[in-house]
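**Student:** There's a structure below that I have some questions on.
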Amino acid sequence: MKITDVKTFVVGNPPPSFGGTWFLFVKLTTDSGVVGYGEAYNSTISPQIMRKVVEDIAERWLVGQDPHHIEKFFRRAYSGGFTQRPDVTVMGAVSALEMACWDIIGKEADKPVYQLLGGQVHEKLRSYTYIYPKPALGETSDIYWNAEASAERAAEYVADGYTAVKFDPVAPYTSFDPRQLSLEQLDLGEKFVRLVREAVGSKADLLFGTHGQMTPTSAVRLAKRLEPYDPLWLEEPVPPDMPENMGFVQQHTSIPIASGERLTTKYEFQRLLVNRAANILQMNLGRVGGLLEAKKIAGMAETFHAQIAPHLYCGPIVGAANIQLATCSPNFLILECIQAFGGFHAQILKKPIQWENGYIVPSSEPGLGVELNEEVAESHAYEGNELHLNMGRDPLIV
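Each residue of the sequence shown is one higher than the one before, starting from 29 at the first, in the numbering used here.
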């Protein structure tokens, strides 16, 4: 079996655009007609340039090759151009192509990918969602900083079956972070966890999802205020480039630290583990280097008694890859969902991901268990050049 063709889709995500303004999908086709789909999670360059990166890496290292040779592909792409170091842009492309290879491998074997990566461990997967606004009711992103409205929405999610909700009320985050949070921001963070805890009681865990905007000492100040409400985690409290500093935060709080969405390859996650910087690893399958790389990281985490909680802020094919990893990993904790994978996240697939009463039911279909609806993808082509995610361009004045 050989890969003969690669095609990319840059797809606009219609409002309210939960998961990002656009998604980047890839399709690989083999000489036997088997098709595999993947998705890149990338926010460093425009999607029009990123699709060229995906196509270049595919044509350079995959076309004409057997998709079963995952290790060869990874090593060649990781080392291409005399690099051999983590690169989030290259690894975003590698991740998309690697999961498409696994989709082909699973279809060829007539097995879900999780059966080929150790077998099914979990029959269903606990999930959580961010607290999102309801645009149909006129709500805006203001809910992200409105403790009362967020607490009310959290209670609604718990009634739907969720057993955890996430929020980040101490945003924004800028290119000039980390910073000391203001007293007003510290007060708001504490108020959020207090009101959400009162709203959900012990029926749901609270996930405080910061984005690296704090200095280590500021993170400790915030954590001390949050500890009485027992959050399940404090996410990426400091920037990801110095895991030693994240380790400092973990040493000074009882709240578990979660991190990993901005990291790629086993080498960066190894630094998290050896520095005792995080006990919950949040790899994104569209950035980390692919399913096999993520499985290696999950195995490393087991030796530290750490758990995995795959990250998702992109499209549902990364979501499907997350599900494959979670299903076969003994140290799985919880999966991030974009609500219940409804709306455009369902429309872009031929058959939506199955979410029931707070849990995902892993598909028994071969490969990744989902198929891109190419007609929908092409009818929502995105021609813009916005980055997938943005940070504030100027320092925050407090």
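Glycine included, every Cβ here is placed at the ideal spot set by N, Cα and C.
Here the structure is a predicted model, which means the values were calculated and not measured.
1) I'd like to confirm the pairing. Which residues does DSSP put opposite residue 257 in its beta bridges?
2) Output yes or no for whether 9 Å exceeds the beta carbon distance between residue 118 and residue 86.
3) Count the other CB atoms, across all protein chains shown, that sit within 10 Å of the CB of residue 100; report buried if there are 16 or more and exposed otherwise.
4) Ordered along the chain, which non-local residues of its own chain (more than five positions away) have a Cβ less than 6 Å from that of residue 431?
5) Looking at the structure shown, is residue 197 part of a helix, part of a strand, or coil, going by DSSP?
6) Applying the 10 Å Cβ sphere with the 16-neighbour rule, what's the burial state of residue 388?
7) Terminal residues of the continuous beta strand (DSSP E) containing residue 158?
8) Short of 8 Å in beta carbon distance, which residues of its chain neighbour residue 83, apart from the five on each side in sequence? Order them along the chain.
9) Between which two residues does the alpha helix (DSSP H) carrying residue 404 extend?
10) Using only CA atoms, which one of 199, 212, 207, 255 lies nearest to residue 237?
11) If you run the structure through DSSP and keep just helix, strand and coil, what is residue 286?
12) Can you name, in chain order, every residue of its own chain whose Cβ lies under 8 Å from the Cβ of residue 49, other than the five neighbours on each side?
13) In whole angstroms, what is the alpha-carbon distance linking residue 222 and residue 256?
14) Please report the straight-line C-alpha distance between residue 376 and residue 338, rounded to a whole angstrom.
15) For residue 368 versus residue 153, is the C-beta distance shorter than 9 Å?
16) With DSSP collapsed to three states, give me the class of residue 149.
17) What did DSSP end up calling residue 167 once you bin it into helix, strand or coil?
18) Out of curiosity, what's the CA-to-CA distance linking residue 146 and residue 136?
19) Answer yes or no: do residue 336 and residue 311 have a C-beta to C-beta separation smaller than 9 Å?
20) How close, in whole Å, do the beta carbons of residue 320 and residue 98 come, if the pair is a contact with beta carbons under 8 Å?
21) Mind checking residue 301: buried by the 16 CB within 10 Å criterion, or exposed?
22) Roughly how far, in whole angstroms, is the beta-carbon of residue 293 from the beta-carbon of residue 232, given that I think they are within contact range, below 8 Å?
23) In angstroms, rounded to a whole number, what distance separates the CA positions of residue 378 and residue 344?
24) Buried or exposed: where does residue 30 fall if 16 or more other Cβ atoms within 10 Å of its Cβ makes it buried?
25) Between 390, 88, 38, which lies nearest to residue 77 when the distance is taken from Cα to Cα?
26) Over what stretch of residues does the beta strand (DSSP E) that includes residue 31 continue unbroken?
27) How would you write the range of the alpha helix (DSSP H) that residue 300 sits in, first residue to last?
28) Quick one: measure Cβ to Cβ for residue 241 and residue 295, integer angstroms, because I've assumed they're closer than 8 Å.
29) Spatial neighbours of residue 230 within its chain, please: CB distance less than 8 Å, with the 5 preceding and 5 following residues excluded, ordered by chain position.
30) Considering just the uninterrupted stretch of the beta strand (DSSP E) at residue 365, what are its terminal residues?
31) Could you tell me if the beta carbon of residue 35 falls within a distance shorter than 8 Å of some heavy atom in the ligand SAH?
32) Name, in chain order, the residues that DSSP records as bridge partners for residue 395.
33) With C-beta atoms as the reference, is residue 194 less than 9 Å away from residue 263?
34) Rounded to a whole number of angstroms, what is the C-alpha to C-alpha distance between residue 171 and residue 185?
**Tutor:** According to the structure data:
1) The partner list for residue 257 (beta bridge, DSSP) is empty, contrary to what the question assumes.
2) no
3) exposed
4) No answer is possible for residue 431: it lies beyond the span of the chain, which begins at 29 and ends at 426.
5) Residue state, collapsed to three classes: coil.
6) That one is buried.
7) 153-158
8) Excluding residues within five positions, the ones whose Cβ falls inside 8 Å are 34, 36.
9) 402-407
10) 199
11) strand
12) 40, 41, 410, 412, 414, 416
13) Roughly 9 Å between the two C-alpha positions.
14) 21 Å
15) no
16) coil
17) Here residue 167 carries a coil assignment [DSSP, helix/strand/coil].
18) 17 Å
19) yes
20) Rounded to the nearest angstrom, the Cβ distance from residue 320 to residue 98 is 5 Å, consistent with a contact under 8 Å.
21) buried
22) Between residue 232 and residue 293 the Cβ distance is about 33 Å, and since that is not below 8 Å, they are no contact.
23) 11 Å
24) exposed
25) 38
26) 31-40
27) 293-302
28) That pair is no contact at about 25 Å.
29) none
30) 363-365
31) Absence of the ligand SAH is noted for the structure shown, with no ligands found whatsoever.
32) 140
33) yes
34) Cα to Cα, residue 171 sits roughly 14 Å from residue 185.
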